[in-house]
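K.L.:
Before I ask anything, here is the structure I am working with.
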Amino acid sequence: MCKHADQTEEFIHHLLENVYPCLELKLQNSIHCVYLKEYEEEQTSYLVELMHHLQNEFTSLVTCEQKLVFPSVMKVFNAKAAKEVQIPNLFDLMQLTRSKEHKIMTHVHNLVSVLETNTFKNGAIKQHDLAHSFITNFVNEKYRWNKMIEDRLNSCSCFRSNLYKGLGLDPKSARQEKHI
Numbered sequence: 085m086c087k088h089a090d091q092t093e094e095f096i097h098h099l100l101e102n103v104y105p106c107l108e109l110k111l112q113n114s115i116h117c118v119y120l121k122e123y124e125e126e127q128t129s130y131l132v133e134l135m136h137h138l139q140n141e142f143t144s145l146v147t148c149e150q151k152l153v154f155p156s157v158m159k160v161f162n163a164k165a166a167k168e169v170q171i172p173n174l175f176d177l178m179q180l181t182r183s184k185e186h187k188i189m190t191h192v193h194n195l196v197s198v199l200e201t202n203t204f205k206n207g208a209i210k211q212h213d214l215a216h217s218f219i220t221n222f223v224n225e226k227y228r229w230n231k232m233i234e235d236r237l238n239s240c241s242c243f244r245s246n247l248y249k250g251l252g253l254d255p256k257s258a259r260q261e262k263h264i
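The numbering of the sequence shown is our numbering, which starts it at 85 and goes up by one.
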């Protein structure tokens with residue numbers, strides 16, 4: 085296994101053990117915040133609904149990555165003879181996760197819009213913190229993950245080779261087509 089595999093495994097661990105649990109905790113604290121009871125139910129019901137949608141989409145992303153994406157990425161690194169091992173199509177999986185990330189950020193932007201109204205502008209501290217955490221931490225960490233995978237495709241010969249062989253393509257011709 086190459087050094088990139090170790091670094092990738094460490095980053096996966098970082099996401100699963102640090103980033104995602106922190107965001108999930110902030111979601112839980114924001115949804116179940118006792119201070120939301122200080123507002124009229126009519127005002128908070130839509131806010132809580134938005135946070136539930138965000139939580140559902142976030143949980144979906146985490147589950148997808150845990151069960152499909154992360155094991156698939158590591159499978160590409162660990163493939164000894166890629167023709168003999170079924171290599172999943174990482175391109176499709178990465179597109180799926182980017183779609184989920186986009187949905188998450190749509191929910192976050194909707195949440196921010198509600199939080200910027202006069203009702204919540206100077207309150208709802210946990211909810212503002214939640215939105216800020218997704219806008220900064222989530223976006224930054226997902227950028228780092230996606231960039232790392234892109235870099236592996238461009239600069240890690242074992243990753244690139246195993247991925248293309250697993251897809252039934254010649255790694256050298258796939259690389260040449262990319263430069264054209």
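Idealized CB from N, CA, C, for every residue including glycine.
How far does the alpha helix (DSSP H) with LYS130 in it extend, from its first residue to its last?
P.N.:
Along the sequence shown, read from residue 1 onward, the residue named residue 130 stands at position 46. Correcting the residue identity first, residue 130 is Tyr in this sequence and not Lys. That run of the alpha helix (DSSP H) goes 125-148.
K.L.:
Considering only C-alpha positions, which residue in the set PHE161, HIS191, ASN102 is nearest to CYS242?
P.N.:
In the sequence shown, counting from the first residue as 1, residue 242 sits at position 158. Ranking the options by Cα distance to CYS242, first place goes to PHE161.
K.L.:
Under 8 Å: do the segment 108-121 and the segment 193-210 share three or more Cβ pairs, one atom per stretch?
P.N.:
They touch, by the three-pair rule.
K.L.:
State yes or no: is the C-beta of THR181 within less than 8 Å of the C-beta of GLU149?
P.N.:
Position 97 of the sequence shown, counted from the first residue, corresponds to residue 181. Position 65 of the sequence shown, counted from the first residue, corresponds to residue 149. With respect to GLU149, THR181 sits close: the two C-beta atoms are nearer than 8 Å.
K.L.:
Do the segment 138-149 and the segment 98-108 meet, that is, are 3 or more Cβ pairs less than 8 Å apart?
P.N.:
yes
K.L.:
Please state whether the Cβ-Cβ distance between VAL192 and ILE219 is less than 8 Å.
P.N.:
For the purposes of this step, residue 192 is identified with residue 108 of the sequence shown, where counting begins at 1. For the purposes of this step, residue 219 is identified with residue 135 of the sequence shown, where counting begins at 1. Yes, these two residues count as a Cβ contact at 8 Å.
K.L.:
Helix, strand or coil for LYS187? Go by DSSP, reduced to three states.
P.N.:
By 1-based counting over the sequence shown, the position of residue 187 is 103. Correct three-state label for LYS187: helix.
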